[in-house]
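Engineer: This is the structure, below, for whatever I ask next.
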Amino acid sequence: MKIRIFDSREECLTAGAWAFIKYALAHPDGTIGCCTGTTTEPIHEMISEIYRKNPFDASGLHTVNADEFLTPKGYDKGLLTMRPRMQKGLWDALGIEGDRANMPNPDPDDWEAEAARYEARVRELKVGLQMLGVGPDAHLGFCLPGTPFDSVSHVVKLSDTIQNDMVQNEGVDPKWLPLSGITMGLKTFMQGQITMPIVSGSHKAEAAANAILGPVTEEVPASILQLHPNCTWLLDREAAEGIIGRITPDGVRIK
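For what it's worth, the working numbering labels the leading residue of the sequence shown as 1388, then goes sequentially.
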């Protein structure tokens, strides 16, 4: 485990953007695991801006997303999906389309079958770089505290926080609650050859400290990354306030 701490959020996210680009340049036919969220979406925008100024070959690059909303049967406002955010933020700029732009289907006939299909697709592509946002409770994707470490892609009820946000900010009528989604499992995330969790903000400092320094426990989903053979954490100084002085950049705990 390696730890990189940056003085600002901007520097932290920029490092994430360049990690994506460097991997894409070294592995033009490779697969990168992506996710949406307040940490990773600005990274996608940075990647797209760099690409516009200095284009590189992304014609063989594949991406796989960590999770996706599932549209309730009979929902009358179109699909609940994060796909437009990926298209606008990353895919359109880099020309990633078709079977190279992978997310779960938001409106499958059989939710469980779609989760199984997506798991098989992710394993087929063999993720090289798995970039991850980390939630304030240390969740990864939609894998909330208590998710089994041996979980693969599966259907999950969305957290109350996510559901409340969708009601307040996305115009979802509460009558459609509870909402569900498909997420990669923790075992799925661990299949990436390189994992790169990215954490920004003091509100995530406790989660980062628990994940990096605490016991490996299913109550702290991101703590499983302590077991990954090639994991590099990117944190801004606010997110790292709970680990500064307690661990070296090479992941050695300071007694």
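Note that beta-carbon positions come from the ideal geometry of N, C-alpha and C, so glycine has one too.
The alpha helix (DSSP H) with CYS1399 in it runs from where to where?
Structural biologist: Looking at the DSSP string, the run of the alpha helix (DSSP H) that includes CYS1399 is 1396-1413.
Engineer: On a Cα-Cα basis, can you pick out the residue from GLN1550, ALA1525, ILE1585 that is closest to LEU1573?
Structural biologist: The shortest Cα separation from LEU1573 among GLN1550, ALA1525, ILE1585 belongs to ALA1525.
Engineer: Would LEU1614 be called buried (16 or more neighbouring beta carbons within 10 Å of its own) or exposed?
Structural biologist: So LEU1614 ends up on the exposed side.
Engineer: Can you give me the Cβ contacts of ARG1508 inside the same chain, cut-off strictly under 7 Å, excluding the 5 residues immediately before and after it?
Structural biologist: So the qualifying residues of the chain are ASN1489.
Engineer: Please report the straight-line C-alpha distance between THR1534 and TRP1563, rounded to a whole angstrom.
Structural biologist: THR1534 and TRP1563: Cα-Cα distance of roughly 24 Å.
Engineer: Give me the Cβ distance between THR1582 and CYS1530, rounded to the nearest whole Å; I'm assuming they're in contact under 8 Å.
Structural biologist: THR1582 to CYS1530, Cβ: 14 Å. No contact.
Engineer: In whole angstroms, what separates the C-alpha of ALA1511 from that of ALA1411?
Structural biologist: What sits at residue 1511 in the sequence shown is Glu, not Ala. About 18 Å.
Engineer: With distance defined between alpha-carbon atoms, name the residue in GLU1606, ASP1547, THR1570, GLU1605 nearest to THR1339.
Structural biologist: With the chain represented from 1388 up to 1642, any question about residue 1339 goes unanswered, as that position is not in the structure.
Engineer: Which whole runs of the beta strand (DSSP E) in the stretch 1477-1550 are 3 residues long or more, in chain order?
Structural biologist: Entirely contained in the stretch 1477-1550, the beta strand (DSSP E) runs reaching 3 residues are, in chain order, 1516-1520, 1541-1544.
Engineer: Beta strand (DSSP E) containing SER1435: first to last residue?
Structural biologist: Careful: SER1435 lies outside any beta strand (DSSP E), inside the alpha helix (DSSP H) at 1427-1440.
Engineer: Given this structure, state the Cα-to-Cα distance separating SER1610 from ALA1413, to the nearest angstrom.
Structural biologist: If I take the Cα positions, the gap works out to 29 Å.
Engineer: Let me make sure I understand the geometry here. Which of LEU1477, THR1401, SER1435 has the alpha-carbon closest to that of CYS1422?
Structural biologist: Of the listed residues, the one whose Cα sits closest to CYS1422 is LEU1477.
Engineer: Below 9 Å between beta carbons: does that hold for VAL1539 and SER1567?
Structural biologist: No.
Engineer: Could you tell me how far apart the beta carbons of THR1450 and ILE1419 are, in whole angstroms, since I believe they sit closer than 8 Å?
Structural biologist: Confirmed, Cβ separation roughly 5 Å.
Engineer: What does the alpha-carbon distance come out to for the pair ILE1390 and GLY1417?
Structural biologist: Distance between the alpha carbons of ILE1390 and GLY1417: 24 Å.
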